[in-house]
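Residue numbering for the sequence shown follows the working numbering, starting at 14 and increasing by one per position. Worksheet: one structure, shown below.
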Amino acid sequence: MLCLAVGAGYAALLYSAKAPWSKPVNYLLAALRFVVVSFLCFLLLSPFIKTTTTTKEQPTIVLAVDNSQSVGLFTPKPVLNQATTGLTQLAASLRQKGFQVETRTLSTSTRPARPDSIQFQNASSDLDGLLTSIGEGYDGRNLAGVVLVSDGIVNQGRSPVYSEFNYPIYSVAVGDTLPKKDVRLAQLTYNRVAFSGNRFPIEAEIDYSGFSSGEAAVQLRENGRVLETRRVPLTGSRRSQKTTFLLTANAPGKHRYEVVVQPLAGEFTTLNNSKSAYLEVVKGRLKVLLAGAAPHPDLKALRAAIQQNDNFALTTYLPGITPLQAQDYDVAILHQLPARGGVGAEVLAAVKSRRIPTLYIVGAQSDFNAYNTFGTGLSITPRGSQTDDVTPILNPSFSRFTFEEDALRRFAAYPPAAVPFGDLRVNSGAEVALYQQVGRLKTQKPLLVLGGSPAQRQATLLTDGSWQWRLQEAADHADRPEAYDRLIIRTLQLLTANANKKRLDVYPTQDAFSTADDVTFAAETYNAIFERIYGQQIKLTLTDEQSRTRTFSFTNSEDGAPLHLGSLPGGLYRYAATATLGGQLQQDRGELLVQEQQLETLEARADHNLLYQLARRSGSRLYYPSQFAQLTQDIQKANAKPVLYSQEDLKDLINLKWLFFLLLALITAEWATRKYSGGI
Numbered sequence: 014m015l016c017l018a019v020g021a022g023y024a025a026l027l028y029s030a031k032a033p034w035s036k037p038v039n040y041l042l043a044a045l046r047f048v049v050v051s052f053l054c055f056l057l058l059s060p061f062i063k064t065t066t067t068t069k070e071q072p073t074i075v076l077a078v079d080n081s082q083s084v085g086l087f088t089p090k091p092v093l094n095q096a097t098t099g100l101t102q103l104a105a106s107l108r109q110k111g112f113q114v115e116t117r118t119l120s121t122s123t124r125p126a127r128p129d130s131i132q133f134q135n136a137s138s139d140l141d142g143l144l145t146s147i148g149e150g151y152d153g154r155n156l157a158g159v160v161l162v163s164d165g166i167v168n169q170g171r172s173p174v175y176s177e178f179n180y181p182i183y184s185v186a187v188g189d190t191l192p193k194k195d196v197r198l199a200q201l202t203y204n205r206v207a208f209s210g211n212r213f214p215i216e217a218e219i220d221y222s223g224f225s226s227g228e229a230a231v232q233l234r235e236n237g238r239v240l241e242t243r244r245v246p247l248t249g250s251r252r253s254q255k256t257t258f259l260l261t262a263n264a265p266g267k268h269r270y271e272v273v274v275q276p277l278a279g280e281f282t283t284l285n286n287s288k289s290a291y292l293e294v295v296k297g298r299l300k301v302l303l304a305g306a307a308p309h310p311d312l313k314a315l316r317a318a319i320q321q322n323d324n325f326a327l328t329t330y331l332p333g334i335t336p337l338q339a340q341d342y343d344v345a346i347l348h349q350l351p352a353r354g355g356v357g358a359e360v361l362a363a364v365k366s367r368r369i370p371t372l373y374i375v376g377a378q379s380d381f382n383a384y385n386t387f388g389t390g391l392s393i394t395p396r397g398s399q400t401d402d403v404t405p406i407l408n409p410s411f412s413r414f415t416f417e418e419d420a421l422r423r424f425a426a427y428p429p430a431a432v433p434f435g436d437l438r439v440n441s442g443a444e445v446a447l448y449q450q451v452g453r454l455k456t457q458k459p460l461l462v463l464g465g466s467p468a469q470r471q472a473t474l475l476t477d478g479s480w481q482w483r484l485q486e487a488a489d490h491a492d493r494p495e496a497y498d499r500l501i502i503r504t505l506q507l508l509t510a511n512a513n514k515k516r517l518d519v520y521p522t523q524d525a526f527s528t529a530d531d532v533t534f535a536a537e538t539y540n541a542i543f544e545r546i547y548g549q550q551i552k553l554t555l556t557d558e559q560s561r562t563r564t565f566s567f568t569n570s571e572d573g574a575p576l577h578l579g580s581l582p583g584g585l586y587r588y589a590a591t592a593t594l595g596g597q598l599q600q601d602r603g604e605l606l607v608q609e610q611q612l613e614t615l616e617a618r619a620d621h622n623l624l625y626q627l628a629r630r631s632g633s634r635l636y637y638p639s640q641f642a643q644l645t646q647d648i649q650k651a652n653a654k655p656v657l658y659s660q661e662d663l664k665d666l667i668n669l670k671w672l673f674f675l676l677l678a679l680i681t682a683e684w685a686t687r688k689y690s691g692g693i
């Protein structure tokens, strides 16, 4: 009302006097001025418009198809064709009834457009992961149910019967539940590292069904050559037998041994009759010196981590407590050495004179001035005794060794550890493997640095509180601190690798890959004075056990991006790399191990009981491929309703652009009328 009053008063004052135009025109001009002024006053009150938008989401049915190899191998073809055809018809019928239908498989990277286009080639069956990912992906959406087509075989992840799913599961059972006449190689047990000249065992476990007498011939092979054959009796009283092969580790390097059960008459399948054992023969244990300025919990954590690996022989030294044994050590760990007061001078002199690769762990007792003279690639200038409490985070550009996704999750759960607060300068040629995270702030301050010179590799860990990490991880993961142990072991392995006096260094980013992994290679190139250079063209030739070769070309970049070869068949590969550096041809050679995964051939008998339990717990039932018509009716009878979502939106009236042009038009009309009628 006040705005209207202001507009009326303004118009009355302006147009109450005698005007040179007629009264109708005067009233029109007064009305225009009244509207414009009143509305401008109204806009000063900041009015807004509230709009409500309503959207409808139809119920969604997800077709979850177990596309593992076991379904394709052991389901009769007519039954499998009936299942895929039934899924296609089910999808069409549900879409006609207003449902949204989407298809998911075990292969998370791709989503098939139609159920009948699915290829049953996945190397493992993780039904819990499939169902869990569907629940997470459709959280908050109108998920009416999941149609799970599977044989019920689970060989990766946990069983889905131990998980809770908040949506109906309509199980469709494929596969064959009848016992089959079969002999399979269930498991190989062996040590993955053997020392040259030692004898080591490979134990094979053979499971069988449908055989009550006779025997099976089990062969041990290497490169196609039969090394030994053993006879295993197939008695009716037992369904599992074990036999052990004893071998002598000869030539150092990576080896693949194949254990094969010779096919028997009447076997259902021979796909599960062989397994491969992958191990590495090394010349001898690497000698590790663990020296500390004083007793410390870190020393126990480091000792426990190192002793998990049979490839290392550990010697501990504490100045004034234990004597320093005169040995040719392959690597040293110096905990808070050099220390204030000159503690441990003899071990420092030995490490320096013999150029032993060294991992420095700094702490409250460290002498930073002395440390900075060792050329580790890191300079530390502390500010008094101040510290930061940090946790480790990965440097994504570091590629000398890799961290598994599980390790990164475990790093995030570590308790904070104290590091020196001050100026930390990473010198040229050094690399940061781990950065510091302070609370939730990810910094660019180094935590684990690898540097030194080609003649003496060195690394530095900027905390003496890492023992807390191992303790926390052991408490959280059933006494299995794998991430901490792998971090220490891989750091030592990197330090003890042959001193890089070669200008071309090409290496696989993991010790071994599986047939499901993306095989990756990293490369380092150096100039004549062993400074890192980038952008070099490298040719890589990969040769398998059948002497077949594959050739790849790539360029090493400063960001450390690896060469991706994709997945490779299982076996032992030898690689040769060449590059022209400074006009000179450089070469590097090595071995690559790809382990076969035969999870899908181990079990041919479908587990329909698992599918029945999943369906029953969700309030549904078990179906077979011939019952898709009944399944369609049951989904429709569930009477899933669309969900309406309302969204309110508040918008200030003054932000509507068309109002500006409307007011401008009214003011322009008033001005033009006055001008035309002879006014000013």
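Positions of the beta carbon are idealized from the N, C-alpha and C atoms, including for glycine. Given the structure is predicted, the values throughout are model-derived calculations rather than measurements.
Candidates the options, of which the one nearest residue i by Cα
i	options	result
P582	D141, V607, Q113 and E271	V607
R422	D489, A431 and P370	D489
Y520	V462, Y588 and S479	Y588
P310	Y203, A326 and A430	A430
T562	L553, A157, P336 and E537	L553
S466	E444, Q457, Q449 and G266	E444
Q275	E241, S639, N263 and A304	E241
Assigned secondary structure, residue i (DSSP; H/G/I helix, E/B strand, else coil)
i	result
V167	coil
H348	strand
L57	coil
L201	strand
Q626	helix
P459	strand
P46	For the sequence presented, residue 46 should be read as Arg rather than Pro. DSSP places R46 in helix when its eight states are reduced to three.
L391	strand
H621	helix
K255	strand
D139	coil
T386	coil
E241	strand
G150	helix
Q559	coil
F178	coil
Residue i, buried or exposed, once every other Cβ within 10 Å from all chains shown has been counted against 16
i	result
I680	exposed
S366	exposed
A18	exposed
L26	exposed
Q471	buried
A278	exposed
W482	buried
L555	buried
Y270	buried
Y384	buried
K288	buried
Segment limits, alpha helix (DSSP H) that includes residue i
i	result
K670	K670 to Y689
R423	E418 to A425
I501	E495 to T509
T645	F641 to K650
D129	From DSSP, D129 is part of no alpha helix (DSSP H); its letter is neither H nor E.
Terminal residues of the beta strand (DSSP E) in which residue i lies
i	result
Q289	It is Ser, not Gln, that sits at residue 289 in the sequence shown. Counting along the chain, the beta strand (DSSP E) containing S289 begins and ends at S287 to V295.
H268	G266 to V274
G603	Q597 to Q608
L7	Nothing can be reported for residue 7: it is not among the residues displayed for the chain, which extend from 14 to 693.
T329	F325 to Y330
P521	L517 to P521
Alpha carbon of residue i to alpha carbon of residue j, nearest angstrom
i	j	result
S163	Y151	21 Å
Y28	M14	21 Å
I374	G452	22 Å
L361	V245	58 Å
S172	A496	25 Å
A345	I406	25 Å
L605	A525	7 Å
N513	R545	Its pLDDT being 46, under 50, N513 is placed unreliably by the model, and the measurement read from it follows with that caveat. Roughly 11 Å between the two C-alpha positions.
T118	A651	24 Å
N80	T190	18 Å
E609	E70	45 Å
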